[in-house]
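*Asks:* The sequence shown begins at 80 in our numbering and counts up one residue at a time.
We treat Cβ as the ideally placed atom computed from N, Cα and C, and that holds for glycine.
Owing to the predicted nature of the structure, the values given are computational and were not obtained by experimental measurement.
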Amino acid sequence: MKLLEGLKWRYATKKFDNTKKISDSDLEKIKEAIQFSASSYGLQLYKVLIVEDKAVREKLKPAAWGQGQITDASHLFIFCNYSDVNRDGIDEFIHLKAKTQGIDSEALKPYGDFIESKWNDKTAEEKSNWTAKQTYIALGNLLAACGELEIDSCPMEGFEAEQIDEILGLKEKGLTAAVLATVGYRAAEDETAMQEKVRKSKEMLFETI
Ligand SMILES: Cc1cc2nc3c(=O)[nH]c(=O)nc-3n(C[C@H](O)[C@H](O)[C@H](O)COP(=O)(O)O)c2cc1C
Numbered sequence: 080m081k082l083l084e085g086l087k088w089r090y091a092t093k094k095f096d097n098t099k100k101i102s103d104s105d106l107e108k109i110k111e112a113i114q115f116s117a118s119s120y121g122l123q124l125y126k127v128l129i130v131e132d133k134a135v136r137e138k139l140k141p142a143a144w145g146q147g148q149i150t151d152a153s154h155l156f157i158f159c160n161y162s163d164v165n166r167d168g169i170d171e172f173i174h175l176k177a178k179t180q181g182i183d184s185e186a187l188k189p190y191g192d193f194i195e196s197k198w199n200d201k202t203a204e205e206k207s208n209w210t211a212k213q214t215y216i217a218l219g220n221l222l223a224a225c226g227e228l229e230i231d232s233c234p235m236e237g238f239e240a241e242q243i244d245e246i247l248g249l250k251e252k253g254l255t256a257a258v259l260a261t262v263g264y265r266a267a268e269d270e271t272a273m274q275e276k277v278r279k280s281k282e283m284l285f286e287t288i
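(1) Starting from the Cα of Glu195, find the closest Cα among Lys140, Glu171, Arg89 and give me that residue.
(2) Give me the Cα-Cα distance between Ile157 and Ala112, rounded to the nearest whole angstrom.
(3) When the Cα of Trp198 is compared with those of Cys225, Tyr161, Thr150, Leu128, which residue comes out closest?
(4) Under a three-way DSSP split, which group does Met273 fall into?
(5) Is it a yes or a no for the region 181–190 touching the region 133–142, going by three-plus beta-carbon pairs under 8 Å?
(6) Verify whether the separation of the beta carbon atoms of Asn220 and Ser116 is less than 8 Å.
(7) Restricting to runs no shorter than 3 residues, where is the beta strand (DSSP E) found entirely within the region 170–226?
(8) Excluding sequence positions up to five away, which residues of its chain have a Cβ less than 7 Å from the Cβ of Ile101?
(9) Can you check whether the CB of Asp96 is closer than 8 Å to the CB of Ala266?
(10) Roughly how many whole angstroms lie between the Cα atoms of Trp88 and Gly226?
(11) What does the alpha-carbon distance come out to for the pair Leu259 and Lys206?
(12) In the DSSP assignment, the alpha helix (DSSP H) including Ser104 goes from what residue to what residue?
(13) Which residues does DSSP pair with Arg89 in a beta bridge?
(14) Kindly indicate which residue of Leu218, Leu139, Glu245 has the alpha-carbon position closest to the one of Lys126.
(15) For a test of the three-state rule: what should DSSP assign to Gly129, helix, strand or coil?
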């Protein structure tokens, strides 16, 4: 199973080779793995920024605890969740679904009403947490895709979201940085690559009821 091989091959890369770039075709495959991620109701309430610009990444680095991957990797992915959505946002999805699946939009209105009522049940904090959680599914797919392509990656939560939001003007767009991923090729001196994977045994991790 290629997926498992990739998952065992990959590791959270600490040091990237800053001279190596991933190809455009590999980048498209990674984007597609993100695009085809499952999301609650299918709403995909997030945006993924792909930062190539070195100057922007230099600015972002202090906000990510000075972690070298931010500037050394080939690409930096910033998964940003929408903290709020109005009926227009839900209708946008309903129209896309209707058009794609050849359904009358009106027939999907009750579905839109249901999503809106569930959304309105949440507090502002719950809404933001819920949309942020969706980004982790996409992050997981990025990691798996990179593993299969033998491209190195590092998932990253070590950053100050408010600072990232400020630098990139995300608040104005209703977005906030949820999680990051750096993607590229490991540096020859990255010792982490040699380390044995630390994982709970299946007995510890699973319980069959
Ligand atoms: C959500 C998340 C956030 C993480 N944040 C960071 C980070 O900020 N910096 C870093 O070097 N590694 C980070 N890691 C990597 C983990 O430490 C690593 O995945 C874990 O130790 C398991 O090792 P492996 O991924 O190499 O198998 C993060 C991992 C995840 C899933």
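*Replies:* Once the coordinates are examined:
(1) Glu171
(2) 15 Å
(3) Minimum Cα distance to Trp198 is reached at Tyr161.
(4) helix
(5) no
(6) yes
(7) For the region 170–226, not a single whole beta strand (DSSP E) run of length 3 or above is found.
(8) Ser153, His154, Ile230, Val262, Gly263
(9) yes
(10) 6 Å
(11) 20 Å
(12) 103–114
(13) The partner list for Arg89 (beta bridge, DSSP) is empty, contrary to what the question assumes.
(14) Leu218
(15) Residue identity differs from the one stated: residue 129 is Ile in this sequence, not Gly. Ile129 falls in the strand class under three-state DSSP.
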